[in-house]
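**Q** Just passing along the structure, written as structure tokens.
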Amino acid sequence: MRYSLIPAIRCNSIRFRPTVQPVFCLISAIAPFLCFTSAQAQIIGQDITSITTDTASFPTISITNVAGDSEFAGNTFTLNFGGKIQSITGLTTTGGSTTFRSIPAFVQIRRNPATDDRKLAYYQGSFDSSSNTFNFLSLGPLPEKTLFSINNILAGPDNVFTNTGANLGGTLYNGNASIERLDFVLVKPVKASNKIRFTVFERGLPTGHDGFGIAAITSVDKHGNPTSYGPIYVIAASTWGKTPLQNPIPQYYFLNNAAKNNSGIPINPALTIPANQVLGGLLIRTDELVSQGKKVYGYSLFAPDVTCTPKTLLNVANSCFPTNTGTNGGIDLAAPNLGAVYLESE
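If you count by the working numbering, then the sequence shown holds residues -13 to 332, one letter each, in order.
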């Protein structure tokens, strides 16, 4: 099977519109976090209550005779990729903050073992069962690194930190990405303040977004690898992203790379994602992760069952990274890399 790939879009500074109006949420926008270094419940982060987006168009791609897996096993399909990128250009919170620009970051994906090549993706679109054809809106098919790097809510990485047990309604499917840590390293460091924040967006139930861990990167080596971290925080499941950011709720489909023995780009249709899943988002101040004025080189995300200290977090081979993380590690990130976001106003 032959198909051409559009080159991955490089990470550039994002310009945000300063005209986004505040939108107020009926649900509390504050999410509870547990900080391992203090062993005390702490409240940090604020729910995002609305987003604005822009859409860019690129050439379309059609791939035929693609093998299905799990739900779609035993059949072949045509995949039409519509060439769209829908990027987040602005956001608000209940406090009325509006973003206008950001410092981009480069992404590193850490697995244990590093040779694990399971790749997962989700795409927004539709399925024509009469012709076994999927029509996706997004540019594609996208390599894993691009899925984690691009500002695009039409596609994203699925079940990011799940090692085992991916299932839908108790039925197992090939949906374990088995990533231990994601590093988002800024092209230049920032000083922690209440004006510079990180974003996390996920596709999921409005009342059931998955948990995750986060820590600020406080130093890096010459290759951009983290060499020290600030305190570790765990965001509990179902405590954040309670404001749906899409209306109407779109339909998504899950793809893996199981048909080629887990190698290459995820293009194998494997699951119809339940229709009640929508984007939710969280905005985290850099001075909530470390003390104000401290240099921050980026941040790392990881599963909520990680029990590391800032020192042991540096090596994903350490035992504090469980290798049997179940569905509690199943966060489905969207537009995962907005870098460090500057706020126009509070």
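Just so you know, even glycine gets a beta-carbon here, dropped at the ideal spot from N, CA and C. Given the structure is predicted, the values throughout are model-derived calculations rather than measurements.
#1: Using the three-state DSSP reduction, which class does residue 12 fall into: helix, strand or coil?
#2: Using only the alpha-carbon positions, how far apart do residue 92 and residue 71 sit?
#3: Could you tell me which whole alpha helix (DSSP H) segments of length 4 or greater appear in the region 128 to 194?
#4: Compare the C-alpha of residue 205 against each of 316, 215, 128 and name the closest.
#5: Hey, quick one: how far does the alpha helix (DSSP H) through residue 273 stretch, first residue to last?
#6: Determine the direct distance from the alpha carbon of residue 322 to that of residue 34, and round the result to whole angstroms.
#7: Can you tell me where the beta strand (DSSP E) with residue 327 in it begins and where it stops?
#8: To the nearest whole angstrom, what separates the beta carbons of residue 84 and residue 75, a pair I think is in contact under 8 angstroms?
#9: What is the C-beta distance between residue 52 and residue 63, in whole angstroms, given that I count them as a contact (C-beta under 8 angstroms)?
#10: Would a C-beta distance cut-off of 9 angstroms place residue 141 and residue 122 closer than the cut-off?
#11: Tell me, to the nearest whole angstrom, how far the beta carbon of residue 199 is from that of residue 182; I am working on the premise that it is less than 8 angstroms.
#12: Quick check on this structure: which residue in 188, 100, 170 has the alpha carbon closest to the alpha carbon of residue 319?
#13: By DSSP, does residue 248 sit in helix, in strand, or in coil?
#14: Taking residue 96 as part of the beta strand (DSSP E), name the residues at either end of that continuous run.
#15: Thinking just about the alpha-carbon of each residue, which of 60, 184, 163 is nearest to the one in residue 172?
#16: Are there 16 or more other CB atoms within 10 angstroms of the CB of residue 164, so buried, or fewer, so exposed?
#17: For residue 161 versus residue 65, is the C-beta distance shorter than 9 angstroms?
#18: Can you grab the Cα-Cα spacing for the pair residue 310 / residue 289, in whole Å?
#19: What residues are listed by DSSP as bridge partners for residue 255?
#20: Beta-carbon within less than 6 angstroms of residue 235's beta-carbon, same chain only, minus the 5 sequence neighbours each way: which residues are those?
#21: Quick check: the Cα distance between residue 258 and residue 237, rounded to an integer number of angstroms?
#22: Per DSSP, which residues does residue 66 bridge with? Please list them.
#23: Within the continuous beta strand (DSSP E) that includes residue 103, where are the two ends?
#24: Just to confirm, is the Cβ distance from residue 59 to residue 241 under 9 angstroms?
#25: Could you check the C-alpha separation between residue 31 and residue 284 for me, to the nearest Å?
#26: Classify residue 156 as buried or exposed, calling it buried when 16 or more other Cβ atoms lie within 10 Å of its own Cβ.
#27: By Cβ distance below 8 angstroms, which residues in the same chain neighbour residue 312 in space, the five residues on each side in sequence not counted?
#28: Where residue 266 and residue 315 are concerned, what is the direct C-alpha to C-alpha distance, given to the nearest angstrom?
#29: Report, in whole angstroms, the separation of the C-beta atoms of residue 256 and residue 159, which I expect to be a contact under 8 angstroms.
#30: Using a 10 Å radius around the Cβ and a threshold of 16 neighbouring Cβ atoms, would you call residue 228 buried or exposed?
#31: Around the Cβ of residue 278, are there at least 16 other Cβ atoms within 10 angstroms (buried) or fewer (exposed)?
#32: Just how far apart, CA to CA, sit residue 293 and residue 307?
#33: I need the DSSP call for residue 307, collapsed to helix, strand or coil.
#34: Could you pull out every residue in the same chain whose Cβ sits closer than 6 angstroms to the Cβ of residue 271, ignoring the five residues on either side in sequence?
**A** Once the coordinates are examined:
#1: Caution is warranted here: a pLDDT of 29 is assigned to residue 12, below 50, making its placement in the model unreliable, and the coordinate value is therefore given only provisionally. In the structure shown, residue 12 sits in coil (DSSP, three-state: anything other than H, G, I, E or B).
#2: 19 angstroms
#3: 130 to 135
#4: 215
#5: 272 to 275
#6: 14 angstroms
#7: 326 to 329
#8: The pair is not a contact, with the Cβ atoms about 11 angstroms apart (cut-off 8 angstroms).
#9: 5 angstroms
#10: yes
#11: Wrong, their Cβ atoms sit about 20 angstroms apart, outside the cutoff.
#12: 188
#13: coil
#14: 91 to 97
#15: 184
#16: buried
#17: no
#18: 11 angstroms
#19: 241
#20: 264
#21: 8 angstroms
#22: 48, 121
#23: No beta strand (DSSP E) contains residue 103, which DSSP labels as neither H nor E.
#24: no
#25: 16 angstroms
#26: exposed
#27: 148, 149, 150, 151
#28: 17 angstroms
#29: 6 angstroms
#30: buried
#31: exposed
#32: 7 angstroms
#33: coil
#34: 180, 183
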